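2 protein chains.
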Amino acid sequence: MSFPTDLEIAQSADIQHIKEIAAKINIDNDDLEYYGKHKAKIPLKYIDEAKIRNSKLILVSAINPTPAGEGKTTVSVGLCDGLNKIGKKAIAVLREPSLGPVFGIKGGAAGGGYAQVIPMVDINLHFTGDFAAIEKANNLLSALIDNNLQNKEHSLNIDPRTIVWKRVMDMNDRSLRKIVVGLGGLSDGIVREEGFNITPASEVMAILCLSKDFEDLKTRLGNIFIGYTFDKKPVFARDLKAQGAMAILLKDAIKPNLVQTLESNPAILHGGPFANIAQGTNTIIATKTGLSLADFVVTEAGFGADLGAEKFLHIKCHYAGLKPDAFVIVATVRALRYHGGAKKGEYEKPNLQAVEKGFENLDKHIENALKLGLKPIIAINHFATDAQDEIDFIQKKCDELGVKAILADEFTKGGEGMRELAAAVAESAESGENNFQPLYDVNDTIETKIGIIAREIYGADGVNFSQKAKSQLKTINNLGFDKLPICMAKTQKSLSDDEKKIGRPIGFKITVREFEFAAGAGFIIPILGDMMRMPGLPSVPASEGMDIDKDGNITGLS
Amino acid sequence: MSFPTDLEIAQSADIQHIKEIAAKINIDNDDLEYYGKHKAKIPLKYIDEAKIRNSKLILVSAINPTPAGEGKTTVSVGLCDGLNKIGKKAIAVLREPSLGPVFGIKGGAAGGGYAQVIPMVDINLHFTGDFAAIEKANNLLSALIDNNLQNKEHSLNIDPRTIVWKRVMDMNDRSLRKIVVGLGGLSDGIVREEGFNITPASEVMAILCLSKDFEDLKTRLGNIFIGYTFDKKPVFARDLKAQGAMAILLKDAIKPNLVQTLESNPAILHGGPFANIAQGTNTIIATKTGLSLADFVVTEAGFGADLGAEKFLHIKCHYAGLKPDAFVIVATVRALRYHGGAKKGEYEKPNLQAVEKGFENLDKHIENALKLGLKPIIAINHFATDAQDEIDFIQKKCDELGVKAILADEFTKGGEGMRELAAAVAESAESGENNFQPLYDVNDTIETKIGIIAREIYGADGVNFSQKAKSQLKTINNLGFDKLPICMAKTQKSLSDDEKKIGRPIGFKITVREFEFAAGAGFIIPILGDMMRMPGLPSVPASEGMDIDKDGNITGLS
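Chains as they are written, first to last, in full-length UniProt numbering: chain A, 1 to 558; chain B, 1 to 558.
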């Protein structure tokens, strides 16, 4: 008998009514806003700053992943279950999945095996509508911009050639990357170049993730930079009086979503993914809500720590005033084989030599963590294809580096397979041994900040800027946005900006092709290599295998 | 003290928990899927064909409206409250509002004054996410089409010049009407002309409205016509294996939404509006659910009866196997002044002469109803600015035509102001005096069917077809879609296709500019005059006056 699929496990789960889950963390049933029986929104009033200071924040990140992913969400969910198993009051606070990849290759993002958040289908589809609301708020601003170009009587005199604000859609849809809008004639708008990003890359998503409350949300929305007038004055969303209506569209999206793990432990999902093209961490509101309701919060930041953890620390912690109390790096034997040179089709076969070589990728992430003031614990996410000598090697090497490496068996065993890791993480969190220190000062120049990330985190020799990027740097400086943190857009597959450079690349420089900037959210986005902020579908999209029967039973979702 | 705004009335309402409303119509609390405390989805199993045959369906439509609208939704809600007031078990089954106009001029569509469905803000914003789901299903198909053009190894050989399927967005956004996608280069798709319609105009919306169950939904989605291959074979959504994934995206949207009126009577909102550019009636599933749960269902079809009622009867009734048991035409003194030649700024001033002249518009709608086998009851939606002699005139003229005209005072008095109308409507519904007979046979040619609607309903002398329309007619015939009902896209402001022709225009022909067709939903869309299926925003969008405070209180929404 083969191991059941994630969907089969999720569908056969003994799911509890969400009010039962809420009761475990002392949320009053009357305060819940149900979305069906298994999802609910939590009001903002549960944030309790005094309690937050006494709770422990556990950050889970990973080494550079193979295209299949190394199970960071799975480990995070399993770690939450493991902590509860050993008697700790823990909650997983994770990001919501994007719908785009669900129909592509990657599938959803609700964990896997016996470490999942459920209801899995709902979570991977529209969930509680947060992404739809963010998309609408983003695109309302776009409509208001184009409408202002069209209507001469109420005009801000915006130069359409300078508009940097893009529309978004939560879909893998490469044909929308570069488009021309406003064709048709006098009544159909002004012709201009435009493009769609995927919704998680929207600045509105980042603003939601970084806002503390409605006031902060509105202020940040109003501060979105749009472009220039013909007489070269900057134009912001507030000039279009857009922030009130945009905030109204986000009135429910701002509230964190409560679900459960397969083991009926509470999980909060809120905010958007993709630390390769966005800031990619869950919302400050969700993290603070979790810290207010439990003693331990397990949160994740991916893909690899070079993107996810770096941004979590330098952007999210910066704005939230939080620091992680423990840091977990997920590694897999499979990914180390890959970094050691194993070829496609061979990742699943034992190969000690490749693991020995590939360890350098993990080594670099450990080194980075220590630089940041964090003592990582390595979670070896266990696969059936792992050989004992490979695992032994990883543990021995980590031991030499003074770092624990512990097998994580959540996929097949759930929380029961995470007792050892949970105990080590809880001990680390309570020890006070972690004390994050930023590698850069936000008041440094943009070039300096990018240079520090490139050299210290990626291991690069330096940074090249394209002509376009150089010109945009001047713009950013002129607008006074140079004192903002940096949100790199980089491939997750390599420590460098070239996805083919596996392991621990050396002797390279990264190239900033262009900038986007998020003046409202509060960061600058250098775009490296050929990164796209709107993905495409594969030649055979996953959607082709999906079905729903006459009773509403779903198959083919992963 | 001025009369409170709709929002003020809605916000101060004594709103009940939705489980209390559900209990009134014997829905088991365990069967409800809550969306917060005041909205819930009803499972499909409540449809009971035996009960449906014994319940009465009341259709509310209107004369051709002024730009402000004549209060069709308000009368429908008030009539439901009125029926309950006189001891009838009645439910309002209405359409969901589109988000686009909320930020434009028209505002939301949840009724007004003391005849509203609540929670008004939620209903007018994302509600339960149905529109977002429909938008996503529509745009998934678009992404799959463009992806198929891009990927040569799995290609259907689609000729991009022949693609008729458009993307949608629930936004008033004229700049998206005509666009070019796929610019950028090799990795960014194939360049082609494209356009966005507003989401209620999506064929997916129409399919949802006309489907009986999941099987029917999937079949219709699979039958969506996309375009041709380079060797001129038709391509359908099923060729892209899209229908399963699209149906999964609609798994919750297919379920009707339960809310309440201000008087705590049940109301079901489900399906999309805009009978000018779409079929614009609520879903068959919602109507049948309503008929299964109550003795009287009040439903609406607008804008005017020339669009809404005609489509309700020839499309929805055709597919649902339903017929209305009573028919209400909403008229206002204001609109009759308008049709009688009163100029802008004068609609609110008593003007008997204009009303006498403008009555010809109502007269034509009464004549049309009788042709269709329906004996209408006229609801004079009462405004403070109505003069008694104007009302007397309307009632006298209707009396001469053998038709009742009754004052509807729902705006200021709620159900209490609707007792007389409710009694007359209930009597009509129970009398068996209404027996709808279609004016055309679906097996007629498209030209014949359009001709019948134009002559019999609009009062036109005939129909012109543009060169483009003529060419498209051949395509439609070749594809075998000519046996489908007709869904006219026409201005709501006139019985003709020229919005300036008020009253009861004569001596005109309508012009079919082009066709769209909905092979999956099952109708052909002749587009008349300069109708656009994507609206624009006004020069000062309503969004500018909207705000939300630190506690989440909303202002400026109408």
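Beta carbons: idealized from backbone N, C-alpha and C, even for Gly. Here the structure is a predicted model, which is why all the values come from computation and not from measurement.
Under the three-state reduction of DSSP, which class applies to residue i: helix, strand or coil?
i	result
ASP386/A	coil
LEU221/A	helix
SER2/A	coil
residue 561/A	Nothing about residue 561/A can be read from this structure; chain A reaches only from 1 to 558.
GLN116/A	strand
GLY129/B	coil
PHE436/A	coil
TYR347/B	coil
ALA62/B	strand
LEU57/B	strand
GLU33/B	strand
Using a cut-off of 9 Å between C-beta atoms, extract the partners of residue i located in chain B.
i	result
GLU33/A	TYR34, TYR35, GLY36, LYS37
SER558/A	Simply none; closest approach about 12 Å.
Under 7 Å Cβ-Cβ, which residues of chain B neighbour residue i?
i	result
MET169/A	ASN139
ILE179/A	ILE179, VAL180, VAL181, LEU183
ALA132/A	HIS126, GLY129, ALA132
HIS154/A	SER539, VAL540
GLY189/A	ARG174, SER175
Whole angstroms is fine: what's the gap from residue i's alpha carbon to residue j's?
i	j	result
ILE58/A	ASP441/A	24 Å
ALA354/A	LEU221/A	48 Å
GLY536/B	ALA137/B	23 Å
VAL463/A	ILE527/A	12 Å
ALA68/B	THR332/B	11 Å
ILE163/A	ALA423/B	59 Å
ARG95/A	ASP48/B	41 Å
TRP165/B	PHE481/B	16 Å
residue 578/B	ILE91/B	Outside the displayed span of chain B (1 to 558) sits residue 578/B, for which this structure offers no information.
GLY111/B	TYR34/B	23 Å
LYS212/A	ALA320/A	8 Å
VAL512/B	PHE465/B	5 Å
LEU140/B	GLY36/B	28 Å
LYS470/B	GLU514/B	8 Å
Strictly below 8 Å CB to CB, what residues from chain A border residue i?
i	result
ILE554/B	ILE248, LYS251
GLN150/B	ARG174, SER175, GLY536
Since residue i meets chain A, which of its residues come closer than 7 Å, beta carbon to beta carbon?
i	result
PHE103/B	LEU140, ALA245
Based on DSSP bridge pairs, tell me the residues matched to residue i.
i	result
LYS509/A	GLY462/A
MET169/A	ILE198/A
LEU258/A	ALA40/A, ILE268/A
ILE378/B	ILE329/B, ALA405/B
ASP547/A	THR555/A
LEU372/B	DSSP, once it has assigned bridges, lists no residue as partnering LEU372/B.
ILE527/B	ALA489/B, GLU514/B
ALA90/B	PHE296/B
TYR46/A	None, per the DSSP bridge assignment.
PHE236/A	PHE225/A
GLU193/B	VAL180/B
GLU111/A	In the sequence on display, residue 111/A carries Gly and not Glu. According to DSSP, which records beta bridges pairwise, GLY111/A is partnered with GLN116/A.
Pull up the CB-CB distance for residue i and residue j, whole angstroms please, since I reckon it's below 8 Å.
i	j	result
LEU249/B	ALA133/B	5 Å
ILE190/A	PRO160/A	5 Å
ASN368/B	ASN64/B	Wrong, their Cβ atoms sit about 12 Å apart, outside the cutoff.
LYS72/B	GLY302/B	5 Å
ILE446/B	LEU407/B	Not confirmed; about 42 Å, so no contact.
VAL60/B	GLU300/B	5 Å
At a CB-CB cut-off below 8 Å, which residues of chain B make contact with residue i?
i	result
MET546/A	GLY244, ALA245, ILE248
PHE214/A	ILE548, ASP549, LYS550, ASP551, GLY552
HIS382/A	Per Cβ cutoff of 8 Å: no residues; HIS382/A is ~32 Å from chain B at best.
Counting only Cβ pairs nearer than 9 Å, list the residues of chain A close to residue i.
i	result
SER202/B	The contacting residues do not exist; SER202/B stays about 14 Å from chain A at best.
LYS241/B	PRO541, SER543, GLU544, GLY545, MET546
What does residue i reach in chain E if we use C-beta pairs closer than 9 Å?
i	result
LEU144/B	In the structure shown, chain E does not exist; the protein chains are A and B.
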